[in-house]
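Trainee:
Numbering (this note's numbering), first residue to last: 88 to 252.
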């Protein structure tokens, strides 16, 4: 049996609506009557007398603050990077600002790292992209350079070829 306290009033209402009626759509008429009586939604268990709704945890509040800060930083970064090379895309997710770029040269990549202040950042090659983690406007950030490992490989191959001659 259900524990919803609305079950019995709903059953009584259904019996009253369907008794002796010949509606075109009895199910719709019953649903409308239930909705009008406020019986289609389950009551909030914390709304009962003596029950308090728990407040958000400190960790949840901290994450919300981080997400809002990241969103604000991404919104401010958008107009600042629009003229930068490599089709920049700036987003915020999980309390972090992400800059995704497609540099055409290593000079473009260096320009990005200088413009964003990516110094002493943790950078690593991940598949076909270079990922640098840093702080932007006081928020965790990530610069993703799609194709940068290939550009580095080409530069290394060129320098090796030049040193053999």
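C-beta: ideal position from N, C-alpha, C; glycine also.
Pick helix, strand or coil for residue 201, following the three-state DSSP scheme.
Mentor: One-based indexing of the chain shown puts residue 201 at position 114. Helix at residue 201.
Trainee: Taking residue 233 as part of the beta strand (DSSP E), name the residues at either end of that continuous run.
Mentor: Position 146 of the chain shown, counted from the start, is the residue given in the question as residue 233. Looking at the DSSP string, the run of the beta strand (DSSP E) that includes residue 233 is 226-233.
Trainee: Specify, as a first and last residue, the run of the alpha helix (DSSP H) that residue 106 falls within.
Mentor: Here residue 106 corresponds to residue number 19 of the chain shown, with the count starting at 1. First-last for residue 106: undefined, no H or E at that position.
Trainee: What I want to know is whether the C-beta of residue 99 ends up closer than 8 angstroms to one or more non-hydrogen atoms of the ligand HEM.
Mentor: No copy of the ligand HEM appears in this structure; indeed no ligand is present at all.
Trainee: Look at residue 238 and residue 196 and say whether their C-beta atoms are less than 9 angstroms apart.
Mentor: Taking the first residue of the chain shown as position 1, residue 238 is located at position 151. Taking the first residue of the chain shown as position 1, residue 196 is located at position 109. For residue 238 and residue 196, yes; Cβs fall inside 9 angstroms.
Trainee: Please confirm whether residue 234 and residue 219 have their CB atoms less than 9 angstroms apart.
Mentor: The residue labelled residue 234 in the question sits at position 147 within the chain shown. The residue labelled residue 219 in the question sits at position 132 within the chain shown. No, the pair does not count as a contact, with Cβ atoms beyond the cut-off.
Trainee: Leaving out the 5 sequence neighbours to the left and right, which residues in its chain are closer than 8 angstroms to residue 160 when beta-carbon positions are compared?
Mentor: Position 73 of the chain shown, counted from the first residue, corresponds to residue 160. Closer than 8 angstroms at the Cβ level, and outside the excluded window around residue 160, lie 179, 184, 223, 224, 225, 226 and 228.
Trainee: Go through its chain and collect everything with a Cβ distance to residue 104's Cβ below 7 angstroms, but skip five positions before and after it.
Mentor: What you label residue 104 is simply residue 17 of the chain shown in a count that begins at 1. Contacts found: 116, 117 and 120.
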